[in-house]
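The sequence shown begins at 1299 in our numbering and counts up one residue at a time.
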Amino acid sequence: MDVIPVVHTDGFIGLLRRGVEVYCLRRLTLIEEMRRRLGIPKSGRGDVKVLMHIEDKWFRRVDEGFLIMRRKISVFRCMDRIKRRLENQLRAASQTEQEGLRRLLRQAEAEKEILAKMISEEAGERYPIFKEIAEELGITGDNHVLARASLAELLTYVDFSKSFGRVRGYLKLYRERSNSKRYGREARKALVRLTIAVISKYKSRAREKGDVLMGVWLMFRGATQRPAGIPAQQQG
């Protein structure tokens, strides 16, 4: 598949449960690039031919956990966009209009907290390392539910089994110029939110984001490489 619409999540979960392997394209712009290279006109049949010419490395095999997390995160992102629009409207509104907008803004903030809690709870069930990383970062309290949702978003969309250089590159934390076209814009936003929560500042610098990302990467690698069933503190 080039893309899996969120609205069809249940349908794809049904396919997975019947033993069907599901893959989706990591970067959608590859379709247009390959179409131009092959000279294939845009059509349903043409897109199938284009997908057949794209290298396997550009496809991600998805599982039920990813699809469920993606759906919850999608709703959270939607609510976050609504909140930001309300904030912009509030700044431009007259005094008589601001009261209603503030009320809507408080509702949006409350909904974000509810959705973040749902994401955090789901991540705790889906990712064995999630709670361990949250504890290490100091984001386990009720006042850090948004930070835990950001961590869950990173664990869902970033492949921490890759080298740190590739992970850093995907989130555009380069120390040098790069021509890489792979960029997780929304995942980077999640990293920014997580970093701000960890360092308890209003803004974060590139070095601070890199430090938090390195911490998550190291804990993920440590957990996935140690023998199963042995907690981190018992590793020699």
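No residue lacks a Cβ here, since even glycine has one placed at the ideal position from N, Cα and C. As the structure is a computational prediction, the values presented were derived from the model and not from experiment.
Inset, instruction - Compare the beta carbon distance of Val-1490 and Leu-1435 with 9 angstroms and say whether it is the shorter of the two. - result: no
Legend entry - Sequence-distant residues of the same chain with beta carbon closer than 6 angstroms to Lys-1429, five excluded per side: Gly-1422
Legend entry - Local conformation of Phe-1364 per DSSP, three classes: helix
Legend entry - Nearest neighbour of Val-1304, chosen from Glu-1484, Lys-1370 and Ile-1329 [CA to CA]: Lys-1370
Inset, instruction - Look at the alpha carbon of Arg-1343 and the alpha carbon of Arg-1333, and state the distance between them as a whole number of angstroms. - result: Looking at the two C-alpha atoms, the distance is approximately 12 angstroms.
Legend entry - Reduced DSSP category for Arg-1343 - H, G, I as helix; E, B as strand; rest coil: helix
Legend entry - Contact between the stretch 1307 to 1326 and the stretch 1355 to 1364 (3+ Cβ pairs under 8 angstroms): The answer is yes - the stretch 1355 to 1364 touches the stretch 1307 to 1326, with three or more Cβ pairs under 8 angstroms.
Inset, instruction - Could you tell me whether the Cβ atoms of Leu-1403 and Glu-1385 are closer together than 9 angstroms? - result: yes
Inset, instruction - Go ahead and label Arg-1382 buried or exposed: buried means 16 or more other beta carbons lie within 10 angstroms of its beta carbon, across all protein chains shown. - result: exposed
Inset, instruction - Can you say whether Lys-1507 is buried or exposed, counting buried as having 16 or more other CB atoms within 10 angstroms of its CB? - result: buried
Legend entry - Run of the beta strand (DSSP E) containing Val-1456, from where it starts to where it stops: Element bounds for Val-1456: n/a, residue is neither H nor E.
Inset, instruction - Could you tell me whether the Cβ atoms of Ser-1502 and Ala-1450 are closer together than 9 angstroms? - result: no
Legend entry - Straight-line Cα distance separating Gly-1520 from Lys-1410: CA-CA distance, Lys-1410 to Gly-1520, rounds to 32 angstroms.
Inset, instruction - Could you tell me the distance, in whole angstroms, from the CA atom of Gly-1439 to the CA atom of Lys-1347? - result: 50 angstroms
Legend entry - Nearest-angstrom Cα separation, counted from Cys-1376 out to Asp-1457: 23 angstroms
Inset, instruction - Since I believe Arg-1466 is in contact with Leu-1399 (beta carbons under 8 angstroms), could you give me their beta-carbon distance rounded to a whole number of angstroms? - result: Incorrect: roughly 39 angstroms between the Cβ atoms, too far for contact.
Legend entry - Ile-1431 to Asp-1354 span [Cα, whole Å]: 31 angstroms
Inset, instruction - Classify Leu-1444 as buried or exposed, calling it buried when 16 or more other Cβ atoms lie within 10 Å of its own Cβ. - result: buried
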